[in-house]
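Single-structure report; data block below.
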Amino acid sequence: MFSKLKLITGNANKPLAEEVARFAGIPLADIELFKFSNDESFVKINDNVRGADVFVIQPTSYPVNDSLMDLLIIIDALKRASAQRINCVIPYYAYARSDKKDQPRVPITAKLVADLITIAGAHRVITVDLHAEQIQGFFNIPVDHLFTIPIFARYFKSTFKLEDTVVVSPDSGGANRARALAKRLECNLAIGDKRRTGNNDSAECLNIIGDVAGKTAILFDDIIDTGGSLIKVSRELVNRGASKIFAACSHGILSGAAVQNLEKSPIEKLFITNTIQLSEKAQKCDKVVQLSIAEMLAIAIKKIHIEESISILFR
Ligand code: R5P
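Position 42, counted from 1, in the sequence shown is what the working numbering calls 408; the numbers after and before it change by one each time, with no gaps.
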């Protein structure tokens, strides 16, 4: 059993870390994190962490490479300060979409990031809705993979009339995820035949498999980045007679013109979690509704600290 539980945050999502700390009833440790004028990051942990069970909350979100580097530097500082166990809470795991060598001479950056985190000195990773479950296997340390589906399902059940609702995966890759939500909401599933013709915003929706006419469609995906995928599929849903369209995503990256494009799209509301701190533009957008994962993370942290099962979080 570990004696002291400590919570530390980097700069990537302080509001989430503060909310987790409130739910857990534990203050955030005192940490200084700044950049020298040459762009190098520096970290100093002002609290004693000797022998402590430390949880570092840092999604690797925008600015992605700074957030990742800060996480690595915090791990290194904790290791050299004799923390007993370093648990990295990474609600959004960047580079997860680079998870296979599917073209000649491309990297598997999700594996490289796993190696960096492990070599820096992490003992455990706690993450949320990985783009591909097999990324857990890129680590040789324990990975607790949490899901937002129970949070979305509870929200939709309490705020929506779910008759005539269909959950839609924008592509075949997300079908299992969408099926799991559809099962909890006791509604049907449809799948978009989304193809990418290049990078980022060049998605096309060629077909929708399943009946959506006259129904409320909930598009469900792990990531909304440029918004290209969801918006293209939402237009095809309109063509096929869907009566209302909502979207739900775990990770709201919302890069580039995503928010402006969302405003003009047939999507009435976009439900996202707070794994990633929203930009000001996204916070001001009436279509964006954020659901919090803070309580789930706080429960996970407290249970992991006392070495109890976390399976209650999957119900
Ligand atoms: C792709 O497989 C992912 O699950 C998301 O559908 C994709 O990354 C979303 O990106 P964007 O919003 O740029 O289309």
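For every residue, glycine included, the Cβ atom is placed at its ideal position computed from N, Cα and C.
message: When you compare the stretch 646-660 with the stretch 670-677, are there three or more beta-carbon pairs, one atom per stretch, that lie closer than 8 Å?
response: no
message: Please classify Gln626 as buried or exposed, where buried requires at least 16 neighbouring CB atoms within 10 angstroms.
response: exposed
- prompt: Which stretch, first to last residue, makes up the alpha helix (DSSP H) that contains Lys466?
  reply: No alpha helix (DSSP H) contains Lys466, which DSSP labels as neither H nor E.
task: Anything with a beta carbon under 7 Å from a heavy atom of the ligand R5P counts; list them all in chain order.
output: Arg463, His497, Pro536, Asp537, Gly539, Gly540, Asn566, Asp567, Ala569, Asp587, Asp588, Ile589, Ile590, Asp591, Thr592, Gly593, Gly594, Ser595, Leu596, Ala624
- prompt: Less than 7 Å separating the beta-carbons of Ala395 and Asp413?
  reply: yes
query: Closer than 7 Å, CB to CB, is Gln502 near chain C or not?
result: Annotation note: the requested chain C is absent from the structure, which comprises a single protein chain.
query: So the beta strand (DSSP E) Glu384 belongs to, where does it begin and stop?
result: Taken as a continuous stretch (DSSP letters only), Glu384 belongs to no beta strand (DSSP E), being part of the alpha helix (DSSP H) at 380-390.
message: Relative to the C-alpha of Leu628, which candidate in Arg471, Phe612, Ser616 has its C-alpha closest?
response: Measuring from the Cα of Leu628, the nearest candidate turns out to be Phe612.
task: Check each candidate in Glu398, Leu382, Ala418, Thr375 and name the one with the smallest Cα separation from Ser369.
output: Ala418
- request: Out of Glu570, Phe680, Ile483, Val420, state which residue places its alpha-carbon closest to the alpha-carbon of Ala738.
  value: As displayed, the chain neither begins before 367 nor continues past 681, which places residue 738 out of reach and without an answer.
task: Leaving aside the five residues before and after Ala449 along the sequence, list all residues of the same chain whose C-beta is less than 7 Å from its C-beta, in chain order.
output: Val415, Ala418, Val420
- prompt: Measuring CA to CA, which of Ala544, Leu528, Arg471, Leu371 is closest to Lys610?
  reply: Leu528
query: Can you tell which of Ile374, Leu434, Ala383 has the C-alpha that lies nearest to the C-alpha of Lys410?
result: Ile374
query: What are the residues that DSSP puts in a beta bridge with Leu555?
result: Val533
field: Contact under 7 Å by Cβ, Leu482 with Leu438
entry: yes
- prompt: At which residues does the beta strand (DSSP E) containing Ser407 begin and terminate?
  reply: 407-411
Own chain, CB closer than 7 Å to Ala476, minus 5 neighbours either side, in chain order: Tyr461, Ala462, Ser464, Asp465, Ile501, Phe504
task: Check Leu572 in the structure and name its three-state DSSP category.
output: strand
- request: Alpha carbon to alpha carbon, how far is Asp432 from Pro632? Give it in angstroms, no decimals.
  value: 35 Å
- prompt: Should Ser538 be labelled buried (16 or more other beta-carbon atoms within 10 Å of its own) or exposed?
  reply: exposed
task: Within 10 angstroms of the Cβ of Thr525, are there 16 or more other Cβ atoms? Answer buried if so, exposed if not.
output: exposed
Cα-Cα separation between Gln424 and Gly580, rounded to whole angstroms: 42 Å
task: With a floor of 3 residues, list each beta strand (DSSP E) that falls wholly inside the stretch 621-667, ordered by position along the chain.
output: For the beta strand (DSSP E) assignment, the uninterrupted runs of no fewer than 3 residues enclosed by the stretch 621-667 are, from N- to C-terminal side, 635-639, 654-657.
message: On the CB-based measure, 16 or more other CB atoms within 10 Å of its CB, does Arg561 come out buried or exposed?
response: Flag for Arg561 reads exposed.
message: Since Ile659 and Pro457 should fall inside the 8 Å C-beta cutoff, what is the C-beta to C-beta distance between them, to a whole number of angstroms?
response: 6 Å
message: Considering just the uninterrupted stretch of the alpha helix (DSSP H) at Asp432, what are its terminal residues?
response: For Asp432, the uninterrupted alpha helix (DSSP H) run begins and ends at 430-446, by DSSP.
Counted within 10 angstroms of its Cβ, other Cβ atoms place Phe402 as buried (16 or more) or exposed: exposed
message: When you compare the CB positions of Gly576 and Ala556, do they come within less than 7 Å of one another, or not?
response: Note that the C-beta distance between Gly576 and Ala556 is below 7 Å.
query: Going by other Cβ atoms of all chains shown within 10 Å of its Cβ, with 16 needed for buried, is Pro470 buried or exposed?
result: exposed
message: If you follow the alpha helix (DSSP H) that Val415 is in, where does it begin and where does it stop?
response: From DSSP, Val415 is part of no alpha helix (DSSP H); its letter is neither H nor E.
query: Among Asn453, Asn605, Ala480, which one has its Cα closest to the Cα of Ile492?
result: Asn453
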